[in-house]
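Engineer:
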Amino acid sequence: MKLRLIFTAAAFGIGCATLAFAADEPQKERQELMKGVGGATGTMAKMVKGEEPFDQAAVIAALETISANVEKFPELFPEGSETGMETEAAPAIWENMEDFRAKADKLQSDADAILADPPADLDGLKAVFGPLTKNCGACHETYRIKKS
Amino acid sequence: MAAANGRPVAKRRVRLLGGLAVAALIAGLGVFWAVTAPRAVSAERLAAIEAIEADPARGERVFWAGGCASCHAEKEASGDDRKRLSGGLRLTSDFGTFVVPNISPHPDAGIGQWTLDQFSNAMLAGIAPGGSHLYPSFPYASYVRMSDQDIADLFAHIKTLPASDATHPDHELKFPFSWRRLLGGWKFLFFDDAPRTELADGDAQLQRGQYLVEGPGHCGECHTPRNLLGGLKTDQWLAGAPNPEGEGRVPNITPGSPSLKSWSAADIAYYLESGFTPDFDSVGGSMVAVQKNMAELPSADREAIAAYLKTVPAR
C-alpha cells in the first residue's frame, strides 16, 4: 500500500516535471506567444469585418498583447531550437537573425505607435489595421514553414 | 554443304538485321524529332487575338489573376514595385535552378520588342520568340486555358508597366534537362488545354472560378503533386505537394484537406483578400506574394475561386 503510494507520487512527480520542462521549451513558448498575437489580431479583425461592435478598450488590450508578445518573441530562438515540438520556424531565421529581429521590432514599434494614439472609432481602426497586419505576412513569407 | 553455305547465310542475316536496326534507329529519331518539335499556336487563333481591341486597364485584372508579379517582380517587393517585372528570382527544383527572366517592357533586357504573336505563343504554346521550347516553370501548362481577350489585354497592360534594364544568367539545369528539345517530349506527355475538373452544372460563378484556378491563377502548378518527369498527377488535382524549395509542404486545398475542410467558401475568400485564416493565423511562404495578387482582384473573383475550390473532388 505504502509502496504503491510512493510509486504513484513518483510517477506524478515525473509527470509534472515533464510538463514543466515542456512548457519551458523555447519552441513551445514562441508558439504560445504567436497564438496570443493571432488571438489579438482576431479581436480587431472581427470588428473590421463588422462581426463585432467597435470596442476601444478591447483594441488597446489587443495591441498591448501584440507589443508585449513580439518583444519577447525573437529571444526564443537559441541555438538548438531549430527543430522539434512541431516547430514551423524556418532555418532562414538562424541565417538572417538580424533581419528576423528587425521584422519583429517593426511589428512592435508599429503596434506601439498605434497605442500612443489609439483609434477612437471603427474607421480609425480600419485605417491602421491593414498596415499593422502587413507585418504578419512580411515575416511569415521568409521565416515560417508550414509542415502540413 | 550446310557448313560451306552457312556462313554467307548468317552473314546475310546479320547484314539484314543490321540494316533493320539502322532503319529502326532512323525511324525512331524521326519520330523523336517529330514529337519534340515545337508546335506554335494556329495561325487562325493568332489572327483572332490580333483582331481583338485590347484594353490595358482590363489587362491589369488579368495581370493580378495571372500572378506575374509573384515570380517576375523582385522578392518581397511591395506596392508599386510589384509592377516592375525585372526578374532574377531563382527557383530551385529537382531539375536544377530556374532563373526568372526580365519581362518588363524594356526593349533589350525585357520583352519590349516582342510582338503580340510572340507573346501569344509563349503564353499558350510555351514557345519562345525564335521557336525553341520554354520550360514549364513558366506556367504555360495553365495559361493555355486563357481566353484570347485576356491574352490581348494582358499584353497591352504589360506594355504600360515600368521598364527594367536588369539582366540575368541562364537557367542552371542538370543534363539532360538543359536540352530544350526534350521539352517537346514533356509537352507530348503532359501538355494540353483540357479542363482539370468536370463541373456538374453550368453555374456562371463556378465557371469563372474554374477559369481563374485552372487557367491564369495556375494554382495547380504548386498545389498538385508531380511525377518523376515533372508532369502533374492530375488524379491528385490540388491535393497538396512537397515544397519544391525545400522543407515543408504546399497544402491540400481540396474539400478533403485536413487543415482546410472546416473552412467555408467565405473563409477562403477572406483569406485570399486579407491573408488571414479563420483562426487569424496569417499567410506565409510563397503564398504571401500570391495572396497580395488575389487581394487586387474584385471580390467576385475571390468568391468564384472559393466556390470552385469547394466543388473540386475531395482528396
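Going down the list, the sequences are from chains A and B.
Heads up: the first sequence at position 77 corresponds to 77 in the UniProt record's numbering, and the numbers run straight through without jumps.
Heads up: the second sequence at position 69 corresponds to 69 in the UniProt record's numbering, and the numbers run straight through without jumps.
Using N, Cα and C, we set each Cβ at its ideal position, and we do this for glycine too.
The structure displayed is predicted, hence computed values, not measured ones.
Please list the residues of the region 269-287 of chain B that have a C-beta atom closer than 7 Å to any C-beta atom in chain A, keeping them in chain order.
Structural biologist: From the region 269-287 of chain B, only Gly275, Phe276, Asp279, Phe280, Asp281, Ser282, Val283, Gly284, Gly285 have a Cβ closer than 7 Å to chain A.
Engineer: Based on the DSSP secondary-structure assignment, which residues constitute the bridge partners of Pro242/B?
Structural biologist: Answer is Arg249/B.
Engineer: Hey, how far is the Cα of Ala156/B from the Cα of Arg61/B?
Structural biologist: Using only the alpha carbons, I get a separation of about 12 Å.
Engineer: Identify the contact partners of Glu76/B in chain A, using a Cβ-Cβ distance below 8 Å as the criterion.
Structural biologist: Ala138, Glu141, Thr142, listed in chain order.
Engineer: Considering Cα atoms alone, identify which of Gln207/B, Pro216/B, Gly215/B, Ser137/B is closest to Lys187/B.
Structural biologist: Checking every option, the nearest Cα to that of Lys187/B belongs to Ser137/B.
Engineer: According to the neighbour-count rule (16 or more other Cβ atoms, all chains shown, within 10 Å of its Cβ), is Ser132/B buried or exposed?
Structural biologist: Looking at its Cβ environment, which holds fewer than 16 other Cβ atoms inside 10 Å, Ser132/B is exposed.
Engineer: Would you report the Cα separation of Lys126/A and Glu52/A, rounded to the nearest angstrom?
Structural biologist: Whole-angstrom Cα-Cα distance: 13 Å.
Engineer: Looking at chain B, which residues of the region 45-77 of chain A have a Cβ within less than 8 Å of any of its Cβ atoms?
Structural biologist: Residues passing the 8 Å Cβ filter: Ala45, Lys49.
Engineer: Thr234/B to Gly240/B, Cα distance in whole Å?
Structural biologist: Distance between the alpha carbons of Thr234/B and Gly240/B is about 12 Å.
Engineer: Beta-carbon of Gly248/B versus every beta-carbon of chain A: anything under 7 Å?
Structural biologist: It does; some Cβ of chain A falls within 7 Å.
Engineer: On the CB-based measure, 16 or more other CB atoms within 10 Å of its CB, does Asp281/B come out buried or exposed?
Structural biologist: Buried, because 16 or more other Cβ atoms sit within 10 Å of the Cβ of Asp281/B.
Engineer: Return the CA-CA distance between Glu303/B and His140/A, expressed in angstroms with no decimal places.
Structural biologist: Cα-Cα distance, rounded: 25 Å.
Engineer: Measuring alpha carbon to alpha carbon, tell me which of Val290/B, Asn293/B, Tyr270/B ends up nearest Val48/A.
Structural biologist: The shortest Cα separation from Val48/A among Val290/B, Asn293/B, Tyr270/B belongs to Tyr270/B.
Engineer: Starting from the C-beta of Thr115/B, find all residues in its chain whose C-beta is less than 7 Å away, skip the five residues before and the five after it, and write them out in chain order.
Structural biologist: Cβ neighbours of Thr115/B beyond the five flanking positions: none.
Engineer: Gly215/B and Tyr308/B look like a contact to me (Cβ under 8 Å); what is the Cβ gap, rounded to whole Å?
Structural biologist: Rounded, the Cβ-Cβ distance is 11 Å, inconsistent with contact.
Engineer: Around the Cβ of Asn69/A, are there at least 16 other Cβ atoms within 10 angstroms (buried) or fewer (exposed)?
Structural biologist: It counts as buried.
Engineer: Between Leu173/B and Phe95/B, how many whole angstroms is the CB-CB distance? I'm expecting something under 8 Å.
Structural biologist: Going by Cβ atoms, the distance from Leu173/B to Phe95/B rounds to 6 Å, so yes, they are a contact pair.
Engineer: Mind checking Met97/A: buried by the 16 CB within 10 Å criterion, or exposed?
Structural biologist: Exposed.
Engineer: Taking DSSP as the reference, what is the three-state secondary structure of Phe21/A?
Structural biologist: Low local confidence applies: a pLDDT of 48 at Phe21/A is under 50, so the model's placement there is unreliable, and no value is given.
Engineer: Report all residues from its chain with a CB closer than 7 Å to the CB of Leu297/B; omit the five preceding and five following residues, and keep chain order.
Structural biologist: Closer than 7 Å at the Cβ level, and outside the excluded window around Leu297/B, lie Arg61, Trp64, Ala65.
Engineer: Is Gly96/B helix, strand or coil by DSSP?
Structural biologist: Note: Gly96/B maps to strand in three-state DSSP.
Engineer: For Thr142/A and Met34/A, I'd like the C-alpha separation in whole angstroms.
Structural biologist: Distance between the alpha carbons of Thr142/A and Met34/A is about 16 Å.
Engineer: Would you say Thr254/B and Ala314/B are within 7 Å of each other, going by their C-beta atoms?
Structural biologist: Yes, they are a contact pair.
Engineer: Counting along the chain, where does the alpha helix (DSSP H) carrying Arg208/B start and finish?
Structural biologist: Residues 204-214.
Engineer: Relative to the C-alpha of Ile158/B, which candidate in Thr92/B, Ala54/B, Val22/B has its C-alpha closest?
Structural biologist: Selected option, being the one with the closest Cα: Ala54/B.
Engineer: Exposed or buried, which one is Trp237/B when buried takes at least 16 other CB atoms within 10 Å?
Structural biologist: So Trp237/B counts as buried.
Engineer: Please classify Arg30/A as buried or exposed, where buried requires at least 16 neighbouring CB atoms within 10 angstroms.
Structural biologist: With 16 or more other Cβ atoms within 10 Å, it is buried.
Engineer: Run down chain A in chain order and give the residues with a C-beta less than 9 Å from the C-beta of Gln291/B.
Structural biologist: Under the 9 Å cutoff, chain A gives Gly137.
Engineer: With a Cβ-Cβ cutoff of 7 Å, do Ser142/B and Glu221/B count as a contact?
Structural biologist: Closer than 7 Å, so yes.
Engineer: Would the beta-carbon of Ala37/B fall within 7 Å of that of Gly185/B?
Structural biologist: No, the Cβ-Cβ distance between Ala37/B and Gly185/B is not below 7 Å.
Engineer: Using a Cβ cut-off of 8 Å, pull out every chain A residue sitting near Pro225/B, in sequence order please.
Structural biologist: Those do not exist, as Pro225/B stays about 15 Å from chain A at its closest Cβ, beyond 8 Å.
Engineer: For Gly285/B and Ala138/A, I'd like the C-alpha separation in whole angstroms.
Structural biologist: The straight-line gap from Cα to Cα measures roughly 9 Å.
Engineer: Is the region 244-263 of chain B touching the region 192-206 of chain B in the sense that three or more CB pairs, one from each, lie closer than 8 Å?
Structural biologist: Flag = no, the region 192-206 of chain B and the region 244-263 of chain B do not touch.
Engineer: Which one or two residues does DSSP pair with Phe276/B in a beta bridge?
Structural biologist: Phe276/B pairs with Ser282/B.
Engineer: Does the CB of Thr83/A have a neighbour CB from chain B at under 7 Å?
Structural biologist: No, Thr83/A does not count as interfacial toward chain B.
Engineer: Please determine, among Lys310/B, Leu272/B, Leu154/B, the residue with the shortest C-alpha to C-alpha distance to Leu199/B.
Structural biologist: It is Lys310/B.
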